[in-house]
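Please read the structure below before turning to the comments.
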């Protein structure tokens, strides 16, 4: 297995954190992993993206020209990174903030209304990132669910411990969204 | 027979390389005397500068670290933070401490770095041949202010002691001159207080020593002393400029 | 052994602590500030010293002072800050004081930007400050600053160190010592310089390190260090899938430069491509090493642009096809 994922959105949406949880869970699961961030000089409100690679081989380049998976949480991210997804790759879209799906006919699209789920089901819009990750992993099992919990425990140490539970709830909410959709018979199809 | 005068043990028996009438040798002798009297020669580390002051390491018998122009307070910081039990002093000229090394001295003082700095102010660059120093007086002619230092173009004489005294980190700041025995005695007291401030861990100490440079002032030694008393001491007031509460008065 | 996901900056800082770093002096600059931040809490835990200096210049001279008393001391910075430290580095060499300096390099010249770059190669390996000198320059594998990868810490193993019979400490009853960075007499300074050159020759004999990766009988030798070497490993693998025979020489020491192995592998392959994140700096050393025996091609990006696997592979195929090298799939 070798999966390259790019996650992109606004600074402050928890993009880098999302990638970090994915990479840490992958590491706990025994993969070679890398997490490579790229962000503007602004700490908040600018654009942020990171590349996470999970592989059963030693990782060479930690930058992805054509990712297997692209996750976008805002419109500019879709415009910039949508076209890069590999043929038959997966595009995960935060449909709460993103209109349309770009023009990538051979790509599988997974729409997740992240902000709505984070607000209504988790009760904290800041958990958007974990909702999206929960949905992604439920749809495409890149890492074990248990390893994501261990990853959260490893990352949120010390004073941040109290945040583990709500983050886990958000992962769960994302997973539920995918299950319910599957039960309702919605299938993912290539971009219309 | 009673010995009434001898060479300090911490001073090597070597002729000084300084020009006739220069007070560097006198200042270094006083530092050596105080090191002897406080019995600290075994745990003292000197930090040497660039400029005429550079020769100090050849004359005072303590461990020395020679460094770059202006950076002695940073080097002294590195030494003192590494070995807090040592007594660390720098010896710097006016270009060194009050021009190129201004940032280092201000921040060492402001951190309350527990070191002692001795600053030889002769209002001119000696070793490079008589260019204007930050401490040159208004109207003073030098190789780079041939028509005399003007406020409009060169600004004002630099009062380092008064600037450092403002900082809460400085504990003992004094300005002295060595032009007569009474002043020499006072200067030695100030040097002693600076070391004691450090030994008692009260914080940063600095003694500015006004010194003539007959060669670059283009004056015979005696006239240079007179010029120092009449002009340099008029711009740079001698005396204790700051004695922080807690700094010892034992002299 | 436990794997921890860490940023490169933090891994460097933790490694320094475990290697016995006694003091750190630094000044904040992106993209290496995490080194300072990490050490500001970690070093005091170990009873060691952290101090944020007023400038890069002050920081390097604090390093100088700490090194003079024989302590193990570290500073770190990036591009513009490393430029400011050059004066002090020249003095450290002159005084023969050991210290570790980390340059998390960024785009230049001038303020440039904060993106990864290899623009400081010349500065690092050709001396950098004034005077006739070299410093050992290590180029770790990867884009270390902000990137996270799993890290495993092992107990550092040291050869026994020689006694520091040169360090100042206060005389403590012995004959006094001094650390000196000048020799005013020309004959004396030449002797000092000759002794330094002797030291550099010893580095060239003993300290060269490199990694070879890929095909044992390559048609093209790839050369790159640091971040680029990681990309070139992917190029070698990707190329092998297309039937291309590629190998990589990655210098681990940039000074002393692994010239002998570079020449041997280059001659064996018949052609070289050097890839860098600048406009051709190590290229000069590669060409010197190869001594004109085979063509040396170059591909470089700068300003924070990173060569992609795809583009680099295209350059590789262009060279092979231009030079008429056939491979299994035929070009």
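Chains as they are written, first to last, in our numbering: chain A, 117 to 308; chain B, 5 to 255; chain C, 1456 to 1786.
C-beta atoms are modelled at their ideal positions from N, C-alpha and C, and glycine is treated no differently.
Because the structure is a prediction, the values reported are computed rather than measured.
For a cutoff of 8 Å on Cβ pairs, would you count residue i as touching chain C?
i, result
"residue 265(A)", "no"
"residue 199(A)", "no"
"residue 237(B)", "no"
"residue 46(B)", "yes"
"residue 131(A)", "no"
"residue 179(A)", "yes"
"residue 136(A)", "yes"
"residue 260(A)", "no"
"residue 149(A)", "yes"
"residue 176(A)", "yes"
"residue 66(B)", "yes"
Flag residue i as yes if its beta-carbon sits less than 8 Å from any beta-carbon of chain A, otherwise no.
i, result
"residue 1589(C)", "no"
"residue 1603(C)", "yes"
"residue 1785(C)", "Only weak support exists for where residue 1785(C) lies, its pLDDT of 47 falling under 50; the value from the coordinates is given anyway. By this cut-off, residue 1785(C) is not an interface position."
"residue 1764(C)", "yes"
"residue 1685(C)", "yes"
"residue 1677(C)", "no"
"residue 1688(C)", "yes"
"residue 1457(C)", "no"
"residue 1748(C)", "no"
Could you tell me whether any Cβ in chain B is nearer than 8 Å to the Cβ of residue i?
i, result
"residue 1480(C)", "yes"
"residue 1632(C)", "yes"
"residue 1557(C)", "no"
"residue 1472(C)", "no"
"residue 1542(C)", "yes"
"residue 1536(C)", "no"
"residue 1576(C)", "no"
"residue 1582(C)", "no"
"residue 1546(C)", "yes"
Which whole-angstrom value describes the C-beta separation of residue i and residue j, a residue pair presumed to lie in contact below a C-beta threshold of 8 Å?
i, j, result
"residue 1540(C)", "residue 1500(C)", "Not really, about 27 Å apart at Cβ, beyond 8 Å."
"residue 241(A)", "residue 235(A)", "5 Å"
"residue 1674(C)", "residue 1725(C)", "7 Å"
"residue 56(B)", "residue 105(B)", "At roughly 15 Å, the Cβ-Cβ gap does not stay under 8 Å, so residue 56(B) and residue 105(B) are not in contact."
"residue 1771(C)", "residue 1699(C)", "7 Å"
"residue 156(B)", "residue 175(B)", "37 Å between Cβ atoms; not a contact."
"residue 210(A)", "residue 244(A)", "7 Å"
"residue 32(B)", "residue 120(B)", "14 Å between Cβ atoms; not a contact."
Among the options, which has the Cα closest to the Cα of residue i?
i, options, result
"residue 92(B)", "117(B), 160(B), 63(B) and 184(B)", "117(B)"
"residue 1545(C)", "1461(C), 1658(C), 1673(C) and 1637(C)", "1637(C)"
"residue 126(A)", "141(A), 273(A) and 165(A)", "165(A)"
"residue 129(B)", "89(B), 47(B), 34(B) and 101(B)", "101(B)"
"residue 182(A)", "191(A), 205(A), 174(A) and 139(A)", "205(A)"
"residue 1750(C)", "1717(C), 1466(C) and 1655(C)", "1717(C)"
"residue 1503(C)", "1488(C), 1474(C), 1715(C) and 1639(C)", "1474(C)"
"residue 176(A)", "1778(C), 1720(C), 1703(C) and 1733(C)", "1703(C)"
"residue 141(B)", "77(B), 126(B), 187(B) and 70(B)", "126(B)"
"residue 1469(C)", "1480(C), 1588(C) and 1494(C)", "1494(C)"
"residue 40(B)", "51(B), 14(B), 76(B) and 145(B)", "14(B)"
"residue 1517(C)", "49(B), 153(B), 36(B) and 85(B)", "85(B)"
"residue 1472(C)", "1534(C), 1762(C) and 1611(C)", "1611(C)"
"residue 1513(C)", "107(B), 49(B), 212(B) and 230(B)", "107(B)"
"residue 212(B)", "231(B), 115(B), 27(B) and 158(B)", "27(B)"
"residue 302(A)", "129(A), 263(A), 257(A) and 228(A)", "228(A)"
"residue 203(A)", "300(A), 253(A) and 220(A)", "220(A)"
Does any heavy atom of the ligand HEM sit closer than 7 Å to the C-beta of residue i?
i, result
"residue 1510(C)", "Only the bare structure without any ligand can be found here, which leaves the ligand HEM out of the picture."
Taking Cβ-Cβ distances shorter than 9 Å, what residues in chain D pair up with residue i?
i, result
"residue 1628(C)", "Included in the structure are the protein chains A, B and C, with no chain D among them."
>> So if I threshold CB-CB distances at 8 Å, which residues from the region 1636 to 1650 of chain C count as touching chain B?
In response: 1636 and 1637
> Mind pulling the alpha helix (DSSP H) runs of 4 or more residues that sit fully within the region 1482 to 1527 of chain C?
Replying inline: 1488 to 1500 and 1511 to 1523
> What are the residues of the region 1612 to 1626 of chain C that lie near chain B, defined by any Cβ-Cβ distance shorter than 7 Å?
Replying inline: 1623, 1624, 1625 and 1626
> Which whole runs of the alpha helix (DSSP H) in the region 198 to 261 of chain A are 4 residues long or more, in chain order?
Replying inline: 230 to 233 and 244 to 255
>> For a minimum of 4 consecutive residues, which ranges assigned as the alpha helix (DSSP H) are wholly contained in the region 8 to 45 of chain B?
In response: 28 to 41
>> For the region 1501 to 1527 of chain C, list every residue whose C-beta sits within 9 Å of some C-beta in chain B, in sequence order.
In response: 1504, 1506, 1508, 1509, 1510, 1512, 1513, 1514, 1515, 1516, 1517, 1518, 1519, 1520, 1521, 1522, 1523, 1524, 1525 and 1526
> Mind listing which residues of the region 1559 to 1571 of chain C have their C-beta closer than 9 Å to chain B's C-betas, in chain order?
Replying inline: none
> For the region 14 to 47 of chain B, which residues have a beta carbon sitting closer than 9 Å to at least one beta carbon of chain C?
Replying inline: 44, 45, 46 and 47
>> In chain order, what are the residue ranges of uninterrupted alpha helix (DSSP H) at least 4 long that sit wholly in the region 1634 to 1707 of chain C?
In response: 1641 to 1661 and 1682 to 1696
> Which whole runs of the beta strand (DSSP E) in the region 1710 to 1751 of chain C are 3 residues long or more, in chain order?
Replying inline: 1727 to 1731
>> Give the list of continuous beta strand (DSSP E) stretches no shorter than 3 residues that lie fully inside the region 1596 to 1637 of chain C.
In response: 1603 to 1606
> Where in the region 173 to 235 of chain B do unbroken runs of the alpha helix (DSSP H), each at least 4 residues long, occur, reported from the N-terminal end onward?
Replying inline: 185 to 203, 218 to 221 and 225 to 231
>> Please give me, in chain order, every unbroken run of the beta strand (DSSP E) with length at least 3 that falls completely inside the region 1522 to 1595 of chain C.
In response: 1528 to 1532 and 1555 to 1558
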